[in-house]
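The next block holds one structure in the form of C-alpha coordinates; read it before the comments.
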Amino acid sequence: MEFKPTVKKVWWFLWESDSIWSWIVNFIIAFILVKFVIYPGLGYLLGTSFPVVAVVSGSMEHDGNFDDWWQSQAYCDGAPCTQEQWYANHAVSKETFETYRFKNGFNKGDIMVLVGIEPKTIKTGDVIVFMSSQRSDPIIHRLMIKSGDETSGFVFQTKGDHNVDSGEGLDTNIQESNIMGKAVFRIPYLGWIKIGAVSLLDAIRGQ
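Using this note's numbering, read the sequence shown as starting at 1 and increasing by one per residue.
Okay, structure coming up:
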(Lines of atoms letter the chains of each structure in order from A; the text may use other names.)
(Lines give C-alpha, C1' and ligand atoms only; values in the text may rest on other atoms or scores of the structure.)
Protein backbone atom coordinates (compact mmCIF):
# COMPACT_ATOMS: atom_id res chain seq x y z
CA MET A 1 0.00 0.00 0.00
CA GLU A 2 1.58 3.23 -1.16
CA PHE A 3 -1.34 5.40 -0.11
CA LYS A 4 -0.07 6.20 3.40
CA PRO A 5 3.47 7.10 2.31
CA THR A 6 2.02 9.40 -0.35
CA VAL A 7 -0.20 11.12 2.20
CA LYS A 8 2.80 11.57 4.52
CA LYS A 9 4.82 13.12 1.70
CA VAL A 10 2.03 15.54 0.82
CA TRP A 11 1.53 16.43 4.49
CA TRP A 12 5.26 17.08 4.93
CA PHE A 13 5.34 19.17 1.75
CA LEU A 14 2.43 21.35 2.87
CA TRP A 15 3.24 21.85 6.55
CA GLU A 16 6.95 21.25 7.06
CA SER A 17 8.75 22.05 3.84
CA ASP A 18 10.25 25.55 3.57
CA SER A 19 10.55 25.44 -0.21
CA ILE A 20 9.12 28.23 -2.37
CA TRP A 21 6.78 25.72 -4.01
CA SER A 22 5.35 24.74 -0.65
CA TRP A 23 4.64 28.41 0.11
CA ILE A 24 3.00 28.89 -3.28
CA VAL A 25 0.77 25.82 -2.89
CA ASN A 26 -0.21 26.89 0.64
CA PHE A 27 -1.12 30.34 -0.63
CA ILE A 28 -3.28 28.86 -3.40
CA ILE A 29 -5.04 26.52 -0.96
CA ALA A 30 -5.67 29.38 1.49
CA PHE A 31 -7.06 31.56 -1.31
CA ILE A 32 -9.41 28.81 -2.48
CA LEU A 33 -10.63 28.11 1.06
CA VAL A 34 -11.29 31.78 1.81
CA LYS A 35 -12.95 32.59 -1.51
CA PHE A 36 -15.04 29.47 -2.00
CA VAL A 37 -15.66 28.15 1.53
CA ILE A 38 -15.12 30.68 4.33
CA TYR A 39 -16.41 33.81 2.58
CA PRO A 40 -19.62 32.21 1.20
CA GLY A 41 -20.20 30.48 4.54
CA LEU A 42 -19.85 33.74 6.43
CA GLY A 43 -22.16 35.40 3.91
CA TYR A 44 -24.78 32.70 4.48
CA LEU A 45 -24.62 33.17 8.24
CA LEU A 46 -24.83 36.98 8.03
CA GLY A 47 -27.46 37.08 5.30
CA THR A 48 -25.47 38.99 2.67
CA SER A 49 -23.32 38.09 -0.32
CA PHE A 50 -20.76 40.65 0.92
CA PRO A 51 -20.13 39.79 4.59
CA VAL A 52 -16.92 41.84 4.81
CA VAL A 53 -15.70 44.86 2.85
CA ALA A 54 -12.47 46.84 2.97
CA VAL A 55 -12.75 50.61 3.33
CA VAL A 56 -10.81 51.99 0.35
CA SER A 57 -11.38 55.74 0.80
CA GLY A 58 -11.33 58.32 3.58
CA SER A 59 -14.93 59.43 3.10
CA MET A 60 -15.96 58.25 6.58
CA GLU A 61 -12.93 59.52 8.48
CA HIS A 62 -13.17 62.16 11.22
CA ASP A 63 -10.39 64.73 11.54
CA GLY A 64 -9.55 65.15 15.22
CA ASN A 65 -12.03 64.34 17.96
CA PHE A 66 -15.80 64.35 17.58
CA ASP A 67 -16.21 68.03 18.45
CA ASP A 68 -13.50 69.03 15.96
CA TRP A 69 -15.22 67.08 13.22
CA TRP A 70 -18.65 68.41 14.19
CA GLN A 71 -17.40 71.97 13.60
CA SER A 72 -15.46 71.16 10.42
CA GLN A 73 -16.44 72.49 7.02
CA ALA A 74 -19.45 71.35 5.06
CA TYR A 75 -21.66 72.85 2.36
CA CYS A 76 -25.33 73.66 2.88
CA ASP A 77 -27.18 74.31 -0.39
CA GLY A 78 -23.90 75.25 -2.03
CA ALA A 79 -22.78 77.68 0.68
CA PRO A 80 -20.04 77.04 3.26
CA CYS A 81 -21.31 75.87 6.64
CA THR A 82 -20.30 73.42 9.37
CA GLN A 83 -21.09 69.74 9.70
CA GLU A 84 -23.28 70.72 12.65
CA GLN A 85 -25.35 73.00 10.42
CA TRP A 86 -25.54 70.40 7.65
CA TYR A 87 -26.93 67.77 9.99
CA ALA A 88 -29.25 70.27 11.67
CA ASN A 89 -30.73 70.95 8.22
CA HIS A 90 -31.46 67.23 8.06
CA ALA A 91 -33.05 67.13 11.52
CA VAL A 92 -30.08 65.44 13.20
CA SER A 93 -28.77 67.00 16.41
CA LYS A 94 -25.39 66.38 18.00
CA GLU A 95 -27.06 64.34 20.73
CA THR A 96 -28.81 62.19 18.13
CA PHE A 97 -25.65 61.66 16.08
CA GLU A 98 -23.77 60.53 19.17
CA THR A 99 -26.22 57.63 19.50
CA TYR A 100 -25.33 56.31 16.04
CA ARG A 101 -23.13 53.28 15.56
CA PHE A 102 -19.63 54.32 14.43
CA LYS A 103 -20.29 57.88 15.63
CA ASN A 104 -16.56 58.59 15.28
CA GLY A 105 -16.47 57.24 11.76
CA PHE A 106 -13.80 54.81 10.59
CA ASN A 107 -10.70 54.90 8.44
CA LYS A 108 -9.36 53.86 5.09
CA GLY A 109 -7.87 50.40 5.51
CA ASP A 110 -10.45 49.19 8.03
CA ILE A 111 -12.52 46.05 7.45
CA MET A 112 -16.27 46.34 8.04
CA VAL A 113 -18.41 43.31 8.84
CA LEU A 114 -21.88 43.47 7.30
CA VAL A 115 -25.22 41.83 7.93
CA GLY A 116 -28.10 41.56 5.51
CA ILE A 117 -30.99 43.87 6.29
CA GLU A 118 -34.53 44.42 5.09
CA PRO A 119 -34.93 47.86 3.45
CA LYS A 120 -37.91 48.67 5.67
CA THR A 121 -35.79 48.30 8.81
CA ILE A 122 -32.94 50.58 7.68
CA LYS A 123 -33.01 53.82 9.65
CA THR A 124 -31.29 57.19 9.64
CA GLY A 125 -27.76 56.94 11.02
CA ASP A 126 -27.18 53.36 9.90
CA VAL A 127 -23.96 52.79 7.98
CA ILE A 128 -24.87 50.91 4.83
CA VAL A 129 -22.97 49.45 1.91
CA PHE A 130 -24.37 49.89 -1.57
CA MET A 131 -23.43 49.75 -5.23
CA SER A 132 -23.44 52.75 -7.56
CA SER A 133 -23.13 53.05 -11.31
CA GLN A 134 -20.48 55.72 -10.66
CA ARG A 135 -18.08 53.39 -8.82
CA SER A 136 -16.83 49.86 -9.35
CA ASP A 137 -16.24 49.28 -5.63
CA PRO A 138 -19.01 49.12 -3.01
CA ILE A 139 -19.62 52.41 -1.20
CA ILE A 140 -19.98 52.60 2.57
CA HIS A 141 -21.72 55.75 3.85
CA ARG A 142 -24.21 56.79 6.51
CA LEU A 143 -27.93 56.87 5.72
CA MET A 144 -29.48 60.32 6.04
CA ILE A 145 -32.78 60.26 4.14
CA LYS A 146 -35.20 57.41 3.49
CA SER A 147 -38.30 57.81 1.35
CA GLY A 148 -40.89 55.55 -0.27
CA ASP A 149 -42.70 52.56 1.16
CA GLU A 150 -42.89 48.77 0.93
CA THR A 151 -45.31 48.95 -2.01
CA SER A 152 -43.39 51.34 -4.25
CA GLY A 153 -39.97 50.52 -2.86
CA PHE A 154 -37.62 52.55 -0.69
CA VAL A 155 -35.13 55.13 -1.94
CA PHE A 156 -32.15 56.25 0.14
CA GLN A 157 -29.74 59.15 0.43
CA THR A 158 -26.42 58.85 2.25
CA LYS A 159 -23.43 60.99 3.17
CA GLY A 160 -19.84 60.19 4.00
CA ASP A 161 -19.05 61.66 7.43
CA HIS A 162 -15.88 63.25 6.06
CA ASN A 163 -17.58 64.67 2.98
CA VAL A 164 -18.91 68.23 2.87
CA ASP A 165 -22.25 67.18 1.35
CA SER A 166 -24.09 64.25 -0.17
CA GLY A 167 -22.59 63.53 -3.58
CA GLU A 168 -25.12 64.12 -6.33
CA GLY A 169 -25.76 60.85 -8.14
CA LEU A 170 -23.45 58.95 -5.80
CA ASP A 171 -25.27 59.36 -2.48
CA THR A 172 -28.71 60.16 -3.87
CA ASN A 173 -31.49 58.06 -5.38
CA ILE A 174 -30.09 54.78 -4.05
CA GLN A 175 -32.53 51.97 -4.82
CA GLU A 176 -33.17 49.27 -2.26
CA SER A 177 -31.97 46.64 -4.74
CA ASN A 178 -28.50 48.21 -4.55
CA ILE A 179 -28.20 47.82 -0.77
CA MET A 180 -25.72 45.08 0.14
CA GLY A 181 -25.90 45.24 3.92
CA LYS A 182 -25.45 47.22 7.12
CA ALA A 183 -22.11 47.61 8.89
CA VAL A 184 -22.13 46.22 12.43
CA PHE A 185 -18.47 45.69 13.32
CA ARG A 186 -15.11 47.26 12.51
CA ILE A 187 -11.70 45.59 12.27
CA PRO A 188 -9.01 48.31 12.08
CA TYR A 189 -6.19 48.21 9.51
CA LEU A 190 -6.80 44.70 8.13
CA GLY A 191 -8.18 46.12 4.89
CA TRP A 192 -4.76 47.45 3.97
CA ILE A 193 -3.91 43.92 2.85
CA LYS A 194 -6.50 44.16 0.08
CA ILE A 195 -5.60 47.75 -0.77
CA GLY A 196 -1.92 46.83 -1.04
CA ALA A 197 -2.67 43.76 -3.16
CA VAL A 198 -4.87 45.74 -5.55
CA SER A 199 -2.26 48.49 -5.84
CA LEU A 200 0.41 45.90 -6.60
CA LEU A 201 -1.71 44.25 -9.30
CA ASP A 202 -2.49 47.65 -10.84
CA ALA A 203 1.22 48.47 -10.88
CA ILE A 204 2.01 45.15 -12.57
CA ARG A 205 -0.68 45.82 -15.18
CA GLY A 206 0.64 49.35 -15.66
CA GLN A 207 -2.54 51.08 -14.51
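Glycine is no exception: its CB is placed at the ideal position from the N, C-alpha and C atoms.
Compute the Euclidean distance between the alpha carbons of residue i and residue j, then round it to the nearest angstrom.
{"i": "Asn173", "j": "Ser22", "result": "50 angstroms"}
{"i": "Asn163", "j": "Ser19", "result": "48 angstroms"}
{"i": "Gln134", "j": "Leu170", "result": "7 angstroms"}
{"i": "Thr229", "j": "Lys94", "result": "Here the chain comprises residues numbered 1 to 207, so residue 229 is not present and cannot be evaluated."}
{"i": "Met180", "j": "Lys8", "result": "44 angstroms"}
{"i": "Ser136", "j": "Gln175", "result": "16 angstroms"}
{"i": "His141", "j": "Asp202", "result": "26 angstroms"}
{"i": "Pro138", "j": "Thr6", "result": "45 angstroms"}
{"i": "Gly196", "j": "Ala30", "result": "18 angstroms"}
{"i": "Trp69", "j": "Ser199", "result": "30 angstroms"}
{"i": "Arg205", "j": "Thr99", "result": "45 angstroms"}
{"i": "Ser152", "j": "Lys120", "result": "12 angstroms"}
{"i": "Ile145", "j": "Trp86", "result": "13 angstroms"}
{"i": "Phe130", "j": "Leu143", "result": "11 angstroms"}
{"i": "Asn89", "j": "Ser49", "result": "35 angstroms"}
{"i": "Asn178", "j": "Ile111", "result": "20 angstroms"}
{"i": "Ile187", "j": "Phe36", "result": "22 angstroms"}
{"i": "Asp77", "j": "Glu150", "result": "30 angstroms"}
For chain C, check one thing: does any of its Cβ atoms lie closer than 9 angstroms to the Cβ of residue i?
{"i": "Glu95", "result": "Absent from the structure is chain C; it holds one protein chain and no more."}
DSSP puts residue i in a beta bridge; with which residues?
{"i": "Pro40", "result": "The partner list for Pro40 (beta bridge, DSSP) is empty, contrary to what the question assumes."}
{"i": "Phe156", "result": "Lys146, Ile174"}
{"i": "Arg186", "result": "Met112"}
{"i": "His141", "result": "Ile128"}
{"i": "Gly181", "result": "Val129"}
Just to check my reading of the structure: residue i and residue j have Cβ atoms closer than 8 angstroms, yes? What is that Cβ distance to the nearest angstrom?
{"i": "Met156", "j": "Lys103", "result": "Reading off the sequence, residue 156 comes out as Phe, not Met. About 20 angstroms; that fails the 8 angstroms criterion."}
{"i": "Asp165", "j": "His62", "result": "Asp165 to His62, Cβ: 16 angstroms. No contact."}
{"i": "Gly58", "j": "Lys108", "result": "5 angstroms"}
Run through the region 21-84 for me and flag every whole beta strand (DSSP E) of 3 or more residues, listed as ranges in chain order. 52-54, 73-76, 79-82
For the region 40-55 against the region 119-126, are there 3 or more C-beta pairs whose distance is under 8 angstroms? no
Taking contact to mean at least 3 C-beta pairs separated by less than 8 angstroms, is the region 111-120 in contact with the region 181-201? yes
Could you check whether the region 48-56 touches the region 191-202, counting it as contact only if at least three pairs of C-beta atoms, one from each stretch, sit closer than 8 angstroms? yes
Mind pulling the alpha helix (DSSP H) runs of 4 or more residues that sit fully within the region 100-129? none
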